[in-house]
Structures are given as C-alpha cells and as structure tokens.
Amino acid sequence: MGQSGLDYVKVGEVFKFSKTVGEADVTLFAGLTGDFSDTHINEQYMQEKSSLGTRIAHGALLVGYMSTVSTHSIAHIIHREGLSDFPVSGGYDRIRFLRPTFLGDTVTVSYEVTEVDREAGRSYAKQEVVNQRGELLAVGTHVMRWAGKLHTTGAA
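In terms of the working numbering, the sequence shown opens at residue -6 and continues consecutively.
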C-alpha cells in the first residue's frame, strides 16, 4: 500500500489565486449557467434601479475561483508516485457573500489548510476572497476528501 496524499497536506499552508473580474468573465459565466439576471448583465438597469449603481459578478463565480485555488493546493501532491489515495472536492460549507464584486475588481482567494483528519480521510481549509481594497467579499470552508484508489487486476 502506498503513502497517503494527506501526509503531504500541512495545517497552516496557504495558497492564493488572483484574477481581475472582467466583462467576459461575467458574460461567459451567465451563458454557462443560464443566470442572465439584470444584476449581472444590464448596466442601465443597475444604474437606474440599484443602489449599487453598476453590475456585479455572480457569487457563484467566486465559488469557481475558490475551486481553482483548492486545485492549486493539491497540485504538488497529486502526481507523486505510489499514493494510495487521491483528492476530490467534498464541497463547501458556510459560504457567505459579504460584499458585491464589481466588474473590474481584482479578487484574491486564499486557501488556508486548517485541519487534517486522517481517520476520516479529509482535510479542511478556510477560504477568503478579498478585493484590491482589502475588503472581504466572501468566505467559506472547503472540504477535501481523500479517496482510496481503485485497484485493477491486469490490463485489457
């Protein structure tokens, strides 16, 4: 039996991902998800009807960026030889959107490993999204499951 990928996950490790949220990001995300709310795609509506005065990015787009950094957190582990398990996202707990993300904001997502539970085969990370002004936009906890690899007998 090989070594567990969890052996390489360290509490306190921090991984980051930054991206400027542009027009294309929001438009393409609307197309992918079908969420064409005026909040995201209609500038005139937001100027006339909203106290925000301009369009905002989808909250779920930020969750996508959270997923990106969770993938970065395991990149140094997944290709090691002889691992007995592999990571799969177990989901996100307590995601909260605290402030709007405006088009043109540069967001930075941090992923800090907070717990490694070897018995349950899980690791946990605190995720925070801030904008270029240091304002906290979103938070959540990511659960990474470390599943045992399937063993096959012989090649076809």
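All C-beta atoms in this analysis are idealised placements derived from N, C-alpha and C, irrespective of residue type, glycine included. Predicted model, so just to flag it, every value in this text is computed and none were measured.
Beta carbon of residue i nearer than 7 Å to that of residue j
i    : j    : result
A131 : V122 : yes
V4   : V102 : no
I88  : G133 : yes
L91  : L129 : yes
V136 : Y104 : no
A50  : T94  : yes
Y38  : D28  : no
V2   : V109 : yes
E16  : L96  : yes
CB-CB length for residue i against residue j, believed under 8 Å
i     : j     : result
R48   : H33   : 6 Å
G83   : R115  : 6 Å
Q(-4) : G75   : 6 Å
W139  : L(-1) : 5 Å
D235  : G141  : This structure cannot speak to residue 235, because the chain is shown only from -6 to 149.
Residue i in three-state terms, based on DSSP
i     : result
A23   : helix
S116  : strand
E108  : strand
Q(-4) : strand
E16   : helix
E36   : helix
A149  : Here the model assigns A149 a pLDDT of 49, short of 50, so the residue's position is not dependable, and the following value carries that caveat. If DSSP states are grouped into helix, strand and coil, A149 belongs with coil.
G5    : coil
(request) Please confirm if the stretch 3 to 16 is in contact with the stretch 54 to 63, defined as three or more CB-CB distances below 8 Å between the two stretches. (result) Yes: at least three Cβ pairs fall under 8 Å.
(message) List, from N- to C-terminal side, the beta strand (DSSP E) runs of 3 residues or more that fit wholly inside the stretch 41 to 111.
(response) The stretch 41 to 111 contains these whole beta strand (DSSP E) runs: 78 to 90 and 99 to 110.
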